[in-house]
Amino acid sequence: MTEPRFQETPPWIAALQVVSVAAIWVFVIGISIWIIHLMRLSQTLHDVPSASVGISIVAIPVFLTGASVLTYVFVGLRRGATPSTAEGRGEGRGAEQE
Amino acid sequence: MTAAGALFALSPSSPLPQPDWLPWRIQQPIAFNHNVHVEELGFECVDCHLYALTSVRATIPNIENCADCHEEAQTESPEEAKLVEYIAAGEKVPWRKIYRVPDHVYFSHRRHASIGAIECEVCHGPIAEQVKPVGRPYWRPTMDNCMECHEESGASNDCVYCHD
Amino acid sequence: MSAEHTVRPELGPTVSHDLSERDIDVLLASVEQPGSAFRVVTTVLVLIILGAWVLFSRQILYGLGVTGLNQPVGWGFYIVNFVFFIGISHAGTLISAILRLSNAEWRRPITRMAEVITVVVLAIGAFHPVLDLGRPERMLNIFTAGRLQSPLLWDVSSISAYFMASTVYLYMPLIPDIALLRDRGARPRWLYSFMAWNWQNTPRQREVLERASNIMMILVIPIAVSVHTVISYIFAMTLQPGWHSTIFGPYFVVGAIFSGIAALMVVMIVLRKVFHLERFLKEIHFAHLSKLLLVMSLLWFYFTFSEFLTAFFGNEPAEIRVFFYKFTGPYAIPFWGMVVCNFLIPVVLLSFRRTRTIPGIMVASIAIVIGMWLERLNIVVPSLANPRLALPSGFYIPSLVEWGMFVGGLATFALGFVVFARFFPLISVWELREGQETAVSETAERVASYLPDRLENAPTGETT
Amino acid sequence: MARWGMAIDLDRCTGCGNCMAACHQENNLAAVGPEQTEQSRAFHWIRLVREVSGSDAHATVRYTPTLCVQCDDPPCVKVCPVHATYLSEEGIVGQIYARCIGCRYCMAACPYNAKVFNWYEPEWPGELKKKSNPDVSLRSHGVVEKCTFCHHRVNHAREQARAEDREIRDGEVVPACAESCPAQAIVFGDLDDPESMVSARARSPRAYRPHEDLGTRPKVFYLEEQE
Amino acid sequence: MIFERRDFLKLLGGTVGTVSLGSCGRFLVPDRMVEQALRGPGIERQVNTICGLCEGGCGVTVRLVDDLPVGLKGNSRHPLNRGGLCPVGQAGLEVLYAPNRLQGPLRRRPEGSFEATGWEEALTEIAKSLGDLQSSGNGRRAAFLHGEPGQLFDDLARRFMQALGSANVARRRGETVLPYRLAQGIDQVPGFDLANSDLVLSVGLDLFEDGAAPIHAVSAMVGSRDQANRASLIHIGSRLSPSATKAAERLAVAPGTHAAAVLGIAHVLVREGRYDRNFVAKHTFGFEDWTDDRGETRLGFRRLLLEQYYPDRAAQLSGSDPRAIIRIARRLARAERPVVICGGEATSTSNATWTTLAAHALNALLGAFDRPGGVALPSTVPLTPLPPFSAADGAPAQDGTGHSGIFAAPTDSTSFGIDPVEALAGADELDVLFLSGTNPVYDSPAGSDLKKALERIPLVVAFSSFLDETAAAADIVLPVSLFLETWQESTTPEGVAFSVLGVSQPVVSPLFDSRHPGDALLELARRAGGGLATALPWSSYEAYLKERLEGLRTSGQGSVISGSFEESWVHFLEERGWRFLESGDREAFWQGLARKGGWWNPVLARGDWNRMFRTSTGRYEFFSLELERHLEGLGRSAGESEPEPALRRGIESLGLVIEASVDEACLPHFEPPRLAGSGAAADALTLVPFRPMTGRGDIGVASPMLLEMYGYPVLSGWQTWVELAPETAHQLHLDEGDQVTLETEASPYESAFEAVVKIEPGAVAGAAHVPCGLGREGLGGAADGVGDNPVRILARDRDSVSGALATVSTRVRSTLIKKRARGGARPLVGGHG
């Protein structure tokens, strides 16, 4: 198995990556705000009160977790990308186990 | 073709009803001067907008009302001359509506102006000072605007009070 | 291979062998040598989808009248397909998560396809309620003035959460493969470069990815369960006979997983053939999955039985009317067709080794997919067709537009796969490789850990 | 604040269909035509539901004018995703056509099948649109509609009462169906007013509400037939 | 503003209050504002008028916004409907705006198609023809057939024709009056005081949907009464109509056998001695056996009943249940103010006259005459008499009765009269024919004959709002203004116990170039000149109405339709012999009439037995001497000279089967109905056409709404259905929703029509009930081609005695053409939740 050569990421792609992370957060925060907005709206309209609102509230942490995990991955991957040629795949794993 | 049609329909001089979000002023066929009639001659709003207090619609006066005074020209105003022509020809003045609510909204002037005792100026602005016809709504009757005022005045915001 | 082999000889021969360059070529063939077949298939599928939209344009122009819906059957194919597609979506992420979580080694060539099914089908399914709207242009009302009390809104949040989670869950294990493609110079380069997030297979990166995968793996299971539970709530939260049932949540989830596995099998068998993956998707995978399928079939039957027995035994007029509408009435054919497809055919085919072959499994899986679609039809239409009041029972004959959109939905599903296969490997190269490198030893280790401890290693008072 | 309700005396109802026609005219319902009727898409906000008991010569038939029963706990309102149907202050289950997205969830959830849907744009052949009641908006395609207890008449009565500085009198609000009923089988009024005709009828030992077991607390009462 | 808002609101508040406040000038309010306050919103107004869509003439209140009618509702003060308004009335505006109304006069081109023409040309042409007839003394060659609801129009048409020198005027009405003439000596259908009765036995008539004024029946029996004292209904009929289902007791009988059931009931009343002995003794003739001039003992009604119509036999003859017959009889006996009303299918058979006589005989047994809740003769409407004029030469007497002419029974006729449509179809030597407010080509069994006849007549003038089936066969079609567009009147509908005269006023100017037929007639008279012009001097129909109705004011009787308070006051005064003087002058009265929508007189002349029974004996005749004379006359003209053989011969000439004695023929008795077609086939069905509530009037179905709810009691609209009993359907292997053709060989022109099967438990086996009113061609728009018209295939049979066309006359066989298309219509069984 030949090791494919690694290519440096062009800066514009790096920028795009940052933007996409930001977009994910905009999306997730947007959804959270939306859900909160709807809850407030139903309160102002004296809508049928319902514990079922809870089901949607649960969605907020789920979205936040999802976004956090993604961010963690993206940030983690970028940080962990410092090419330390000394480490091979198998060694890496072995070393980690310690 | 369609685009041209749409452009015409939206142009200031089109006879069709116009949406109120257009940036330009709606042109009236005669440059009616509210100021002269109200401030100088001392008319009340309901003298011409006959049903503003008693009915759902305030109504825009037309030649039946105008003919009371303008059967013959009172001044030398060219605008008045137009009106006299209309009256003489027995033709309705094609006034353009500035304020309109959609079909699914029930708005009663009587309920607001008469029962609610809201002055005309609250919604229609200082119209008595206008020397030219109104070209744009002073206050647009959007749902948000309506509900805000209802909120402030303690009127009900129950949907079916206004939506039918 | 540098890891020390702890495999004990008594556990059998070492199965490990490296993923050869040729293997990788085969796995990446769909990306690197798409060939004219890709173009032809894509064109055909796009044409089918366009055709569906041409049919659908009538609905946009004239309204829902062009469907076969009516009073009282106000919901039909769109909602049926919505539930059906979302159900299929449970194939993927849920199965792959469960298999990963349980360290089932045979999962490695399967998970990717399963996850792709989820994402593609979820997108298709989630779009169906929009097709069903009388005034789709007022969709925005849901966002400006939605009611979270409405089960439909639960769906919106739950499905979007699931979609997000499963996309992430599909994407994360894809990163090393994307990096592989990037490094092999696949085009468009910027895409792989963008999506690979500087993956260089450093230990740190692997650690990050693994940790994130573990979180998502755990997160995605409750979400997936919730999604179909919530979809069942659309029906169960009403008071309608045949819908207002407490077991609808688990029933739908079981049905979803059931149909999902079947769909996965179909997809696997087809892709195995198309992309010559026989060496990777082996009989053993199908054998394992088909056993799972058999279990799900029995489970499905159990739920169905409970559901209908309560309705029958209770003999409540409204319920019993729906019951007989399905058992002997106008919906007898869909109903009994469903029982045959979901229970008889799979149980018979999958129970016997002789029929548990790839063609047999294919037949059973297709039957289940059809059967589960019929189940959704049997849930949606008969309850609506039998009003509580003394009104004549309704009928529902789907129109060409609805059939068109159904076919279009299926074509979109296929197109989704084709396009995915064009850009990404359908079997996780990275995971396979990892399996080759570590699985044998890990499995042996794990198995060893199950075995009774050796006397000398026993945690007794004796110390060395 | 009033809580509007209706009581329909089935003993008085002769099945004449006047209520259906009056409602159709008052509320600007458009006929859907033969093809659509064949497709089971004809609709009325109030209709006579006919139930036959028995299958021999002694079969009895029962007519029930059926309309939206304006539940106090409406299953339709619970499921609407956009506040297009809601319970008003005065207990009328409102349907806001301009808000409705046409998902038909409320139709699916309504145990009384009271809601109907505009499968196509309503058609007004010739100049028929001219005679449409200006108090009731014309619906467009793709929205759900239903009986509104003629709430435009409630609004008019309320306006009149406010103008005269008094409460709405019992019997002042008469929906079109009740107005046209020659048997005076339909009575409308304030259920919270113990003096009102409708609450008197609602207290009758013959009174029942449709599918009370569902807990929807309808505000339409039926008075069982005698004999 | 000069006044306080609050004050203004108070001013707006009351209606009466406003007047006093405004006029006493306590507030400085501009006059115009007061005017507005009085007028209300000013843009919206309500106008009372009369519905003109069927013969009932219910009061309607029109809601106008900006002078456009936007709503119709029943006039709550109108004594007929008391606020109710049937679906056809509700559809009035849809008919008014119907897309296919005639826009102007049409004239037939020589090759057959129509061309638009003007009133001027059309009237000139007609006037020329009339002038020719007038000058040549050939007035007899003109005829006029109409179905307008008002008596005044009838008067005008008669005068028009008399002035022309023709006696050929006929008005198509619902029920034939002959039975009432035979038994009671009156030339009208008497009124039945439903409003005061406690038990109404309806023989064949679907009282709540059919008849001249069904809404009146509902409001009088149910609507205007307390729960405790409302009238019960007993229904005898073959169909499970809404009325039947709402009846306290329902007796299902085979079509045409109502008389047997009724006589069974009479038997029980007599046998149990529970009839009104006093009334029978004092006011009836022929109850007991009697001796005639020649000293022969004649059969009495009592003996006939007791011998022939014991419940078992009555039940057997009518295919009903003897226990129910007894139960109904006892119920009638128990009731305080029962009344029996007959109509609908019972009077649409070949034995209709005897059936009606039997039903009316029950009224006599129950002593239901001239008492509250019984049979009443509404007071005559005191119209201004028409001014005298010198009739053209050869014109018949002015009173309209006893005239000869094409509409009178021919001398060789065995029956008393002849159906006007049939008469017209058989008439030759006609040059000009006017048709107004009637559509016989469509709705008469003799319609297709008439259509042929119309081709022979050189000038057929049809007044119509649509180019309907009859108008399409005319030479000149003159568009008619609908009731909302013109002055019109309607007079007391048949069977109503008080007199009423509704005035319909124009609430909108005619949408199209149309006129009231009265206006057109007056204009024609002016143009034709001569005797016509002098006989009809009025400038317009409105002027004519105004003059005729002036009599109401000067008579001082009755009152303008008003609220219940004024009503009871009028009642109080008039019952004590005082006159309620209408205020004001002629103009004020006229305006009151127009504003309120009409005039009525609820007061009945009590105790005037000579008015009630105008027979030769001055009593109610169970044994009809007039019928005996007629039958004898028939026998004599056939050559018999002795009374008894002459009677027998006369009966034979009617083609009847009398079992007991010749006397039976003159008594109410059961005569098996004649049914033609399909021989004795075991699976043949008796076709019973009926008129549903939605099928009232002729042009109602121009409304899409009405078509959509046409079959509302049983299924959705837009189709003709056939109601079959479950056992019948089972026998024919038919299911609900199947499409069938009903075929017969009895009709000379067409033999089959299509319908959708509707299974009706409770309908009588062997009968096929089909609704009339659909299968139109010519109303245009939505109605054309919807459903089918059963009248097309009816056999041409007549009532043996009266000569009226019988519609329950045909046997049909059904053939399945299409199984139910839609899956899963569930039979509606079981109770509610």
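Chains as they are written, first to last, in the working numbering: chain L, 372 to 469; chain P, 41 to 204; chain A, 1008 to 1471; chain W, 11 to 237; chain E, 27 to 859.
Where is the CB? At the ideal position from N, CA and C, for every residue including glycine.
Does residue i come within less than 8 Å of chain L when only Cβ atoms are used?
i	result
W/H54	no
A/A1339	no
A/S1164	yes
A/N1385	no
So with Cβ pairs under 8 Å, would you call residue i a contact of chain W?
i	result
P/H164	no
L/L416	yes
A/F1402	yes
E/G48	Low local confidence applies: a pLDDT of 34 at E/G48 is under 50, so the model's placement there is unreliable, with the coordinate-based value given in what follows. No, its Cβ sits nowhere closer than 8 Å to a Cβ of chain W.
P/I158	no
Just to make sure I have the definition right: I need the residues of chain W whose C-beta is within less than 9 Å of the C-beta of residue i. Which are they?
i	result
P/R150	E169, A173
E/T841	Those do not exist, as E/T841 stays about 22 Å from chain W at its closest Cβ, beyond 9 Å.
Consider the Cβ of residue i: report whether some Cβ of chain E lies at a distance smaller than 8 Å.
i	result
W/P44	yes
W/L138	yes
If we cut at 8 Å on Cβ distances, does residue i have a partner in chain P?
i	result
W/V87	no
W/N165	yes
Less than 7 Å between C-beta atoms, sequence neighbours within five positions excluded: which residues of the same chain meet that for residue i?
i	result
A/A1193	V1038, E1039, Y1199
Per DSSP, what kind of secondary structure is residue i in: helix, strand or coil?
i	result
E/N627	strand
L/W383	helix
P/C160	helix
A/T1100	helix
E/Q72	strand
W/F127	strand
W/Y73	strand
By the criterion of Cβ-Cβ separation under 9 Å, what are the contact partners of residue i in chain A?
i	result
W/C81	The premise fails here: W/C81 is roughly 11 Å from chain A at the closest Cβ pair, so nothing lies under 9 Å.
Residue i touches chain W at which residues, Cβ-Cβ below 7 Å?
i	result
P/D198	S98, E99
Once the 5 residues before and after residue i are set aside, which same chain residues still bring their CB inside 6 Å of it?
i	result
E/R89	Q72, V96, G97
Measure from the C-beta of residue i to each C-beta in chain A and report whether the shortest distance is under 8 Å.
i	result
L/R411	no
Could you name the residues of chain P that residue i contacts, counting a contact when the two beta carbons are closer than 8 Å?
i	result
W/T148	Thr is not the amino acid found at residue 148 of chain W; the sequence shown has Leu there. Within 8 Å Cβ-Cβ: D143.
Starting from the beta carbon of residue i, find every residue of chain W whose beta carbon is closer than 8 Å, and list them in chain order.
i	result
P/V203	Position check: residue 203 of chain P holds His in this sequence, whereas Val was assumed. The answer, in chain order, is G104, I106, Y107, A108, S147.
Taking Cβ-Cβ distances shorter than 9 Å, what residues in chain L pair up with residue i?
i	result
W/I161	The sequence given here has His at residue 161 of chain W, not Ile. The premise fails here: W/H161 is roughly 18 Å from chain L at the closest Cβ pair, so nothing lies under 9 Å.
Tell me which same chain residues have a C-beta within less than 8 Å of the C-beta of residue i, skipping the five on either side of it?
i	result
E/P787	L266, A751, P752
- [ ] Could you say if the stretch 104-121 of chain W and the stretch 49-64 of chain W meet the contact criterion of at least three C-beta pairs nearer than 8 Å?
- [x] Verdict: no, contact absent.
Task: Validate contact between the stretch 1254-1263 of chain A and the stretch 1300-1318 of chain A using beta carbons, cut 8 Å, 3 pairs - done: yes
- [ ] Check whether the stretch 1322-1337 of chain A touches the stretch 1361-1377 of chain A, counting contact only when three or more Cβ pairs, one atom from each stretch, lie closer than 8 Å.
- [x] no
TODO: Check whether the stretch 69-76 of chain P touches the stretch 160-171 of chain P, counting contact only when three or more Cβ pairs, one atom from each stretch, lie closer than 8 Å.
DONE: yes
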